[in-house]
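Report on one structure; see the data block that follows.
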Amino acid sequence: MLVRVKTRSDPKTSEITPERVYRSRREIMALGASSLALAGLDAFALSEDWLKRRGFGDGPAFQGQDPGEAVTPFEHASAYNNFYEFGTDKGDPARYAGEMTVDPWSVEVTGEVAKPGTIAIEDLLANVDLEERIYRLRCVEAWSMVIPWIGFPVKRVLDRFEPAASAKYVEFTTLHRPEEMRGQRDFFSSIDWPYVEGLRLDEANHPLAIFAVGMYGRVLPNQNGAPLRLVVPWKYGFKSIKSIVRIRLMRRQPRTTWNVMAPYEYGFYANVNPEVDHPRWSQKTERRLPSSFFSPNRIETRMFNGYDEEVAPLYAGMNLRRKY
Ligand code: MTE
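One rule links them: number in this note's numbering = place in the sequence shown (from 1) + 156.
What follows is the structure, encoded as structure tokens:
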């Protein structure tokens, strides 16, 4: 089944950026039923073909604007990236992430679970319904995009491994393969590889938290975190860790990359919050991409990136200035 989940905090029409690459949902839906019947018959490669059989196929370029879809052009979302494993320039990931092998790929699930194990990604994805989610992505550097992801709730994977009652947090780890990730070979890199992120278990189980395997109707480009990345739309982008190989359920809060490196600048929670500035810049506004010197496209940042209605209950009674 193909599900397009629409929430009240979906991007508004006023946020729409013209998009010519992305195909309309109607075309995708039309492909859905027949191609789904074929799903799973073929040897795995997370290919366009595979995605097509899961209901996301090639179609004519999207010309119109589906009301409520506010999409950043694919050329921007796949060329302006943060993926320090491939360098610190925004163009480095698109330039070098092709050097990363993404097939075969497996994910280890460990820690406070009844059934730990390592699972090949094709098995992980075998029985999940892929959904399209159009989410805002707000980077802590004060730029943002709107991206149509293809993915499924994180909870769907966690439940399969049966988290123990003692599990309170989830840690996610990116691939560590210096021979294919030039940033990991960089002697001057201040990051202690591999990249690690984490959530409280109830955050990870929230229906808005997804694992993405695709975007814009196609499989994830390597630079966007292929073959499996986290997307947590109400938090700063650095929480949405890419190219995940390990998931660990934990009793205690995991040590996460940016929080360990600069705890006064990057909190564990990292919820988007216009009231709490980064020590070196304001978080009140953001540059919605595409933007330029003459047309900066600066907009106001919203609490929880506009998803407050859905996620505020997770933080009831918490001091969000101290738990930034
Ligand atoms: N994941 C890994 N492994 N390494 C990174 O450097 N950068 C993060 C996040 N996930 C990063 C990562 C940051 S800072 C942001 S803003 C988003 O990825 C950017 O995602 P995008 O390039 O798909 O827009």
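By construction, the Cβ of each residue, glycine as well, lies at the ideal position given by its N, Cα and C atoms. On a predicted model such as this, the values are computed, not experimentally measured, just so you know.
- Residue pairing by DSSP places E327 opposite G354 and R404 in a beta bridge.
- The C-alpha of F344 is placed about 11 Å away from the C-alpha of G243.
- Per the C-alpha coordinates, the member of E255, E353 and Y236 positioned closest to G247 is Y236.
- Under the three-state reduction of DSSP output, K391 falls in the strand class.
- The three-state reading of DSSP puts F242 in helix, counting H, G and I together.
- Counting other Cβ atoms within 10 Å of its Cβ, T413 reaches 16 or more and is therefore classed as buried.
- Sequence-distant Cβ neighbours of L281 in its own chain, meaning closer than 7 Å and more than five residues away, are V369.
- Shown here, T266 sits in a strand according to DSSP, grouped into three states.
- When rounded, the separation of the alpha-carbon atoms in A298 and E442 is 5 Å.
- The alpha-carbon separation between G339 and H332 amounts to approximately 10 Å.
- If you check the C-beta of I397 against ligand 1, you find a heavy atom less than 6 Å away.
- Counting C-beta pairs closer than 8 Å gives fewer than three between the stretch 282 to 293 and the stretch 351 to 362, which falls short of the contact rule.
- By the neighbour-count criterion, in which a residue is buried when 16 or more other Cβ atoms sit within 10 angstroms of its Cβ, K391 is buried.
- Taken from the Cβ of G370, every heavy atom of ligand 1 lies 6 Å or farther away.
- In this chain, the beta strand (DSSP E) harbouring T441 covers T441 to R444.
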